[in-house]
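Asker: With numbering that gives the first Met the number 0, letter number 112 in the sequence shown gets 111, and the count goes up by one each step, no holes. For each residue, glycine too, the CB sits at the ideal point set by N, CA and C. I have a structure here, written as structure tokens, and I will follow up with some questions on it.
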Amino acid sequence: MIQTYLAQFPTVIQFLGWLISIIGGLLVVFLLFSVILAPLMWFYNRITDKNNSNVISQSDFLIGELTEKIAGPSMGEVMEIGSQTARSVYPARLYREEDRNKNMVLPVGTKVIIVEVDQKGIALVVESKHFIE
């Protein structure tokens, strides 16, 4: 069908027609494989993902430094600096409810203790007044 249609054109146009047909066919095959295999690849990654190298445990007490200020109930950002390994950054919130209610402000650069990491991955912090460098 394609061959009889392209036979009426000059050789250069036939060559371009076949080239476009081949590239189009490969694109269709690639898209089909992507659509069919994407759920399988997602499932395989969920089963085999063991990357826990930069995730702190929920019960570790670590030292951190604020990279974004925390004011009252708002969220900031803390960089974990106490484990002597790769530094990781986490969203942060004040640990104590009374500090949040008093609208306590911790500016950027404040040394804090990461008390806990909640289920959402948010680090709960308190100010460290006795930080030893």
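If we ignore side chains and look at the alpha-carbon of each, how far apart do lysine 119 and serine 33 end up?
Answerer: Roughly 31 Å between the two C-alpha positions.
Asker: Indicate the three-state DSSP secondary structure (helix, strand or coil) for glutamine 57 in the structure shown.
Answerer: Confidence at glutamine 57 is low in this model, with a pLDDT of 48, below 50, so the placement of that residue should be treated as unreliable; the coordinate-derived value is given next. Note: glutamine 57 maps to coil in three-state DSSP.
Asker: Specify, as a first and last residue, the run of the beta strand (DSSP E) that isoleucine 112 falls within.
Answerer: Start and end: 110 to 116.
Asker: Cα-Cα, which of Pro72, Thr10, Leu5, Lys68 is closest to valine 107?
Answerer: Answer by Cα proximity: Lys68.
Asker: One question on the structure: do valine 116 and arginine 95 come within less than 8 Å of each other, judged by their Cβ atoms?
Answerer: It is not a contact, given that the beta carbons lie outside the stated cut-off.
Asker: Going by DSSP, what residue range makes up the alpha helix (DSSP H) through proline 90?
Answerer: No alpha helix (DSSP H) contains proline 90, which is instead part of the beta strand (DSSP E) from 87 to 93.
Asker: Of all Cβ atoms in chain B, is any one closer than 8 Å to the Cβ of isoleucine 35?
Answerer: Structure shown: chain B not included; a single protein chain is present.
Asker: Express the C-alpha separation of tyrosine 43 and isoleucine 35 in angstroms, rounding to a whole number.
Answerer: Cα-Cα distance, rounded: 14 Å.
Asker: Using the Cβ count rule (16 or more neighbours within 10 Å means buried), how would you classify valine 11?
Answerer: Under this definition valine 11 is an exposed residue.
Asker: Output the residue ranges of the beta strand (DSSP E) runs that lie fully inside the segment 5 to 33 and measure 3 residues or longer, sorted by chain position.
Answerer: Listed in chain order, nothing qualifies, since the segment 5 to 33 has no complete beta strand (DSSP E) run of 3 or more residues.
Asker: On the CB-based measure, 16 or more other CB atoms within 10 Å of its CB, does tyrosine 89 come out buried or exposed?
Answerer: Tyrosine 89 is buried by the Cβ-count criterion.
Asker: Is it buried or exposed for glycine 75, if we count other Cβ within 10 angstroms and need 16 for buried?
Answerer: It counts as buried.
Asker: Which residues in the same chain have their Cβ closer than 6 Å to the Cβ of proline 72, if we skip the five residues on either side of it in sequence?
Answerer: Excluding sequence neighbours, proline 72 sits near Arg99.
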